[in-house]
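Each residue of the sequence shown is one higher than the one before, starting from 439 at the first, in the working numbering.
The next block holds one structure in the form of structure tokens; read it before the comments.
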Amino acid sequence: MTGAKAGARAWLGVSLGVLLAAAPGCGGGPSRSGGADALPRAETAEGLGAAREHDPARSWGTPTPSGPAPELALKAELERGSVEGELEAVLDGEARGLERDRALWSVARIGGGEALDRALAELDAADAQALAAAALLDVPASEPGSPPDPGAEGLDPRWRQLEDGLWTRYAVTDPHDLANLGALALAIARVGGGRSIERMGVELAGLEAARAGEDGATLRGRWELATRAVGVMCSRGFVIEAELARTLTDALESDAREVAEGSLYALSRCARSSGELLAESRESLALAKRLEPFVRDAAAVEEPTLARLAWRVFAAIGELPDPIPQAVLAARPSLAWTVEVEAARALGASEAGRQRIRERLRGIPLENFAGPRQHVLLAALQSMRGGIAGDARSTDAELTGIGQRLGEGRRSDDPRLRKLAALGSCELRLLQVIRTGKPEDLRGCEAQAGAPAIDPLPANWLANLEVEALLRATPATGAEGRTRDNLGTAAVEEGAALIGAGEGATEDRSVEAARRAHMASLLTMARDQDAARATPALAALAEVDDPAVLPVLRAALTRDDPGVLAAATTAIAVRSVDASKRDLEVVPLLEDLIRERRGAGSLEARLAAVEALGTLARSAVSVVTPEGVPGAEVGESPWLARTVVPLASDPSVAVRRRAREALLGHDDLVRAFDELEARGPSGAPIFGERLAADLEALLAEDTGAKGLRVTTSAGAFTIDFSGVASPINQANLAALAQAGFYEGLGFHRVVPGFVVQGGDPRGDGYGGPGYLVPCEWSNLRYVRGTVGMALAGKDTGGSQFFVTHTPQPHLDGRYTIIGQIRDPAELAVVDALLPGDRITGVEVLR
């Protein structure tokens, strides 16, 4: 998410100090008064006690203290070194209140063994801030491909002690104290492992009164906390057992709204990690039947949050309600757009659902998709990519009918509708290309003779569509659609028949020739000197099985573009899992990249290169000494000792974490790595050179930024900084805004119902200001309109930010929150953003 851009240092001097000197005080989301640019004044330190009362809608427990930041805490977070010395003295001394709380959170944000020791010590005191700060610690992985589990064999026993200590505190905490229970629930969700998800199941099974809707808010609040924690743990990769699945499913029949919502959220996240269990228990759980009441027309209108979550579960388990509600994709909308988006995704997973989508879209004028409902149209078209190749012949005529509607929209007087029609026309053309097997027909998809001009669609968006066309294009040979003739990366029902399918391949020569032509086009695109075209093509090579891929990926590692490097190394890392795609000759190139590419812009490439070396070591048992790898013997991986172990001293915590994971399975090397890391990172602090010089000036300032006013091609919105404890990241954004960095940049990522993301000077997700910014994690919740920082790993922030369309608990505690959009009218502006919409200006509000 980060990249290189020269000259950024001067920008930081503009307003970093201005903001940090008087960071906004905490609040529960006060409404603005006065004009559009007026924001509430910062709370004083003396007023923090009342302002920090627990609001369960905004935070897990007592929120992170966000008053004026002590210089000591800020300096420690910027240096990211040992917490011994002054910071430790504050915690062990007589300091109380804000100063000590900020020091505690700084230690947790920095992390490491000292932070773990501090969490264990503070846990005994049952201080609310200690309970909340424990959630920021990261358990190291102990087994390749598995989520980090504190109870894993061979892991530092202190992690198991912390998990047990959190549960002990949970058991003895006053059951009515939802603030401390909330802090503990997030800590357990982030630190706990398989034992914790089982214990949460026991907790939920014991809340009989909550499931029955009795005994008021307390038990329902506990249910909400526990189910949210289960959902977060499932997001980390843990699975639920049959008993917990039954508990969650039975609770769908509760009369208490909080109980139903919590259960739906947990199921929506766990259906992905525990899909096999839910599939095996489909009949006994009667899950689909229990979901149906939430998506029926009247219920979905009255309770859109419940309907949205229920549709997500439907999509995850691959089922549909019977009958499909009439309000979904109706000519006149009655449902919230976020509900229709999730419904469209669920419909797109089955042939009957796709037919329903096509029938409805043919009959709806484009103007009925104006406003945020635009996302429903695009999501519906996108949802059909995976299975449309095998749909009936009548599909082609149905797609033509949809095209006529989009053509009418391209001639609209409304420029927003014209842009929507252009985006939809390209999505539709992709579906037709998948059916015809002619990816070249995608070119010029946004153009229409005689239609008014539109702003150019994003180059990276069009390039990704082109890659999708090459991957999924399916030459027809007389069957009712085909699903086996793609290049192997598309999700198809019959599995991928890759080029060179081996024995049993029965494709006729014309089909094989077409597939080889598509492969040649994809490889040509991957070699393109235009990074916007090469990057998505290189990323797509991860799953393609063809020997011609290997030299293309090797050549990409010699290029300078950070996006190309990151895409190529990521593809190599993914391919290395499969013996048929493994390439040991790439090892020296990866090692050179890790040693030589140390700039902020190359961080993602370094991370992927480290991962690739680890995967090659775990799964590569070479039958010959790989050429070009000095000292390599059969079954040995010398690159781990000479290149990966020394990364224990790297100043980037993201690099150190990835390096340790790469060594898993090599116990001696892991021990050597841990011993070296315990000595501390070498070289200058990763943030110190750029930011530490500003600390002295910032504390002299007496005014600070209160937020940002962002003007876009779709309208304007205000990011309110108040109540959010991320002064370094807020200062960084204010500095960039004041320097004009964001003007003209686009929103390169729009995932309807999830986030919109912008602030990348490259426009493809790999760009940034040319430096890194530390994470300032907290226990605030990602609700609708929360603004956070995009990351490639811990402490890898830069200029990219995102805004959530809907609540996203799985992001809590792992992505820096920098502010909140509060005005409903301005949230509607965020909802209206489409790929390629641009930022025309950002004003710093003081």
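From the three backbone atoms N, C-alpha and C, an ideal C-beta is built for every residue, glycine too.
What are the boundary residues of the beta strand (DSSP E) that residue i is part of?
i, result
"G1223", "Taken as a continuous stretch (DSSP letters only), G1223 belongs to no beta strand (DSSP E), as it is neither H nor E."
"V1194", "1193-1196"
Which residues bound the alpha helix (DSSP H) around residue i?
i, result
"V1188", "That residue, V1188, is in no alpha helix (DSSP H); its beta strand (DSSP E) goes 1187-1189."
"I840", "832-848"
"G1257", "First-last for G1257: 1255-1258, but that is the beta strand (DSSP E), not the alpha helix (DSSP H)."
"G659", "654-673"
"K727", "725-733"
"Y608", "595-610"
"P503", "It is not in any alpha helix (DSSP H) - P503 carries neither H nor E in the DSSP assignment."
"F752", "742-755"
"Y703", "695-711"
"N618", "616-629"
"L1022", "Taken as a continuous stretch (DSSP letters only), L1022 belongs to no alpha helix (DSSP H), as it is neither H nor E."
"D1269", "1262-1270"
"M963", "947-964"
Suppose you measure from the CA of residue i to the CA of residue j; what does that come to, to the nearest Å?
i, j, result
"G839", "M822", "16 Å"
"P1064", "A1050", "Its pLDDT being 44, under 50, P1064 is placed unreliably in this model, and the value from its coordinates should be taken loosely. Computed Cα separation, rounded: 16 Å."
"E1167", "V1241", "Residue 1167 is actually Asn in this sequence, not Glu. N1167 and V1241: Cα-Cα distance of roughly 15 Å."
"L1265", "G756", "32 Å"
"A928", "R971", "Reliability of the predicted coordinates at A928 is poor, the pLDDT of 34 falling under 50, and the value obtained from them is presented with this limitation in mind. Approximately 19 Å between the Cα atoms of the pair."
"Q1195", "G531", "43 Å"
"M638", "A680", "13 Å"
"G882", "R1117", "57 Å"
"G1223", "P1245", "8 Å"
"A969", "G1039", "14 Å"
"G1251", "R848", "43 Å"
"R798", "L1229", "39 Å"
"R953", "R660", "55 Å"
"W899", "L1003", "19 Å"
"L561", "P759", "47 Å"
"E1034", "I1157", "38 Å"
"A1173", "S1216", "22 Å"
"L861", "E884", "7 Å"
"L723", "A717", "10 Å"
"P877", "V779", "27 Å"
"R1020", "V949", "27 Å"
Can you tell me which of the options puts its alpha carbon nearest to the alpha carbon of residue i?
i, options, result
"G1037", "D999, L1051, E1023", "D999"
"L1028", "Y703, A1006, G639, S1018", "A1006"
"D1016", "A993, L575, D983", "D983"
"G1274", "P1262, Q870, K857", "K857"
"P508", "P1165, E662, T1224, A1172", "P1165"
"G549", "G535, V1002, E560, G519", "G519"
"L516", "Y1209, I1255, V1282, Y1253", "Y1209"
"L555", "P742, D594, P586", "Checking the sequence, you will find Asp at residue 555 rather than Leu. Nearest of P742, D594, P586 to D555, Cα basis: D594."
"E810", "R1094, I1255, S722, L773", "Checking the sequence, you will find Pro at residue 810 rather than Glu. Nearest option by C-alpha distance: L773."
"R720", "T687, S692, E741", "T687"
"Y608", "A559, D1202, A623", "A623"
"L804", "E836, E846, Q793", "E846"
"E636", "P613, G669, H614", "G669"
"A571", "A1173, R540, V871", "R540"
"D437", "L880, A808, D1088, D1030", "Residue 437 lies beyond the residue range present for the chain, which begins at 439 and ends at 1284; the question has no answer from this structure."
Provide the residue(s) that pair with residue i in DSSP beta bridges, ordered along the chain.
i, result
"G1347", "Since the first residue shown for the chain is 439 and the last is 1284, residue 1347 is missing from the structure and cannot be characterised."
"L1146", "I1157, V1282"
"V1093", "V1093 is not bridged to any residue."
"V1241", "V1194, V1225"
"R1276", "G1184"
"S497", "L1218"
At a Cβ threshold of 8 Å, is residue i touching chain B?
i, result
"A557", "Absent from the structure: chain B. Only one protein chain is present."
Contact between the segment 585-604 and the segment 612-632 is defined here as three or more beta-carbon pairs at a separation below 8 Å; is this criterion met? yes
Say whether the segment 856-872 touches the segment 900-910, bearing in mind that this needs 3 or more beta-carbon pairs closer than 8 Å, one atom from each stretch. yes
When you compare the segment 702-719 with the segment 667-676, are there three or more beta-carbon pairs, one atom per stretch, that lie closer than 8 Å? With the cut-off at 8 Å, the segment 702-719 and the segment 667-676 touch.
Counting Cβ pairs closer than 8 Å, one from the segment 580-593 and one from the segment 1095-1112, do we hit at least three? yes
Check whether the segment 1226-1242 touches the segment 1178-1197, counting contact only when three or more Cβ pairs, one atom from each stretch, lie closer than 8 Å. yes
Does the segment 608-619 come into contact with the segment 571-578, if we say contact requires no fewer than three beta-carbon pairs (one atom in each stretch) closer than 8 Å? no
Segment contact flag, the segment 975-982 with the segment 1167-1185, C-beta cutoff 8 Å, min 3 pairs: The segment 975-982, when compared against the segment 1167-1185, does not touch it at the 8 Å Cβ threshold.
If you pair each beta-carbon of the segment 814-829 with each one of the segment 779-797, do three or more pairs fall below 8 Å? yes
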